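Asks: In this note's numbering, the protein residues as written are 131 to 573. Where is the CB? At the ideal position from N, CA and C, for every residue including glycine. This one's a predicted model, so the numbers in the text were calculated from it and none came from an experiment.
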Ligand SMILES: [Zn+2]
């Protein structure tokens, strides 16, 4: 088999890996590289396939056309619903006679992304539950298993690929959370099973390979939220919480504490609406009956007016944790909404600023405006969804792959995972492969 590391091997984003088995090929993930798009949206330009290729915001899959991959690509398999894994599919899938395979939540998110994209979309979307298997349509016997794993969005799966040329395990992204707040624990049994069968190649994320730690459970984020929301005096104060819209487990904790405060929980913002609706359709949204979900301008206006007069009766959950221009929190901070922040109010960031230039600048500007309003700011009420170095060590020891391919990072991050691999007895260039965007490895 030949493994093409198309995207996400020279940056954090636009993940795409293609495996060529001879007669058939499969694609793992097709994601967006967000920083150039965030900059683009500020200038209000539309996003077309050509436009996205020009700014290198989607992986360059066209580089594989001359190799004959395009005609034998049978399936695009997506591990989870984050945009840097699923977001390019609406723009590139039309080029392939391939079905899309994803868990139900990811499939619902993808359907929304497709509906927002002007490109005609004909590829069938096959939704497969976590911890189940599927045979890819093709000449060769290629079997896919979605192994349930924990991350910061629901139904994230490791993708186990079984073929007559050996097994591949794709672990991009994940963490080991033994106390998940939504969904099941990692399926260690399935990981051990494929390890026993033999894993020829492990493709594994390297984002936090340099961070010497075990990433804390989502239970810890819940405790942090509990402290801020239930033990800090907020009598008479407005409370605004913002977090990643696709983090349904985090939203669940926020809703529960909002209800403990006897406040009505209102979700405001288009992207919250998108992901929470997808969770409802996939039947994994535990709080669907406990929230008001508003996204249309008129609805937003009327609820904001009500909250302005009864600020301590409501909990606002909104978009804008990265300071995105035009997001709900951005507009609140600019006094553009009927709800006006006043000095006693709380603004809680259940998030971490993703360290790109655009985000850091946006968040700084947002903080400046919030401070002018005199509100109390609670930053980083958050834990990461990515495996730390010690999780990665345990994982590699558990899988015992023949070859390791570090993924999802620039050269520094890939090298950190390669260094860990050498600690575990692997040799770079022999059975640990640093492969950057548009390179490939023959195994
Ligand atoms: Zn992710």
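Contact between the region 362 to 373 and the region 341 to 350: three or more CB pairs below 8 Å?
Replies: Taking 8 Å as the limit for Cβ pairs, the verdict is that the region 341 to 350 does not touch the region 362 to 373.
Asks: Is any beta-carbon of chain B found at less than 8 Å from that of residue 418?
Replies: Among the chains of the structure shown, chain B does not appear; only one protein chain is present.
Asks: Would you mind reading off the limits of the beta strand (DSSP E) that contains residue 265?
Replies: Per DSSP, residue 265 belongs to the beta strand (DSSP E) from 262 to 265.
Asks: Just to confirm the assignment, what range does the beta strand (DSSP E) spanning residue 395 have?
Replies: First-last of the beta strand (DSSP E) with residue 395: 394 to 398.
Asks: Around ligand 1, what residues have a beta-carbon under 5 Å from a heavy atom of it, in chain order?
Replies: Taken from the N-terminal end onward, the list reads 212, 303.
Asks: Alpha carbon to alpha carbon, what distance is there between residue 327 and residue 85?
Replies: Here the chain covers residues 131 to 573 and nothing more, so residue 85 does not appear.
Asks: Which first and last residues belong to the beta strand (DSSP E) in which residue 268 is found?
Replies: First-last for residue 268: undefined, no H or E at that position.
Asks: Which stretch, first to last residue, makes up the beta strand (DSSP E) that contains residue 207?
Replies: Residues 203 to 207.
Asks: Tell me the rounded alpha-carbon separation between residue 241 and residue 424.
Replies: Looking at the two C-alpha atoms, the distance is approximately 20 Å.
Asks: Is it the case that the Cβ atoms of residue 155 and residue 336 are separated by a distance below 8 Å?
Replies: Contact: no.
Asks: If we ignore side chains and look at the alpha-carbon of each, how far apart do residue 402 and residue 448 end up?
Replies: Near 7 Å, if we compare the C-alpha coordinates of residue 448 and residue 402.
Asks: Cutting at 7 Å between CB atoms, please list the residues of its own chain near residue 548, excluding the five before and the five after it.
Replies: Excluding positions up to five away in sequence, the list reads 536, 558, 562, 564.
Asks: Can you tell me the Cβ-Cβ gap for residue 570 and residue 135, rounded? I've got them flagged as a contact below 8 Å.
Replies: The Cβ separation is near 7 Å, so the contact holds.
Asks: Tell me whether residue 522 sits in a helix, a strand or coil according to DSSP, three-state version.
Replies: Note: residue 522 maps to helix in three-state DSSP.
Asks: Would you check if the distance between the CB atom of residue 624 and the CB atom of residue 221 is smaller than 8 Å?
Replies: Only positions 131 to 573 of the chain appear in this structure, which leaves residue 624 out of reach.
Asks: Measuring straight from C-alpha to C-alpha, what distance separates residue 380 and residue 273?
Replies: Rounded to whole angstroms, residue 380 to residue 273 spans 33 Å at the Cα level.
Asks: Can at least three beta-carbon pairs, one atom from the region 225 to 243 and one from the region 199 to 207, be found at a separation below 8 Å?
Replies: Yes: at least three Cβ pairs fall under 8 Å.
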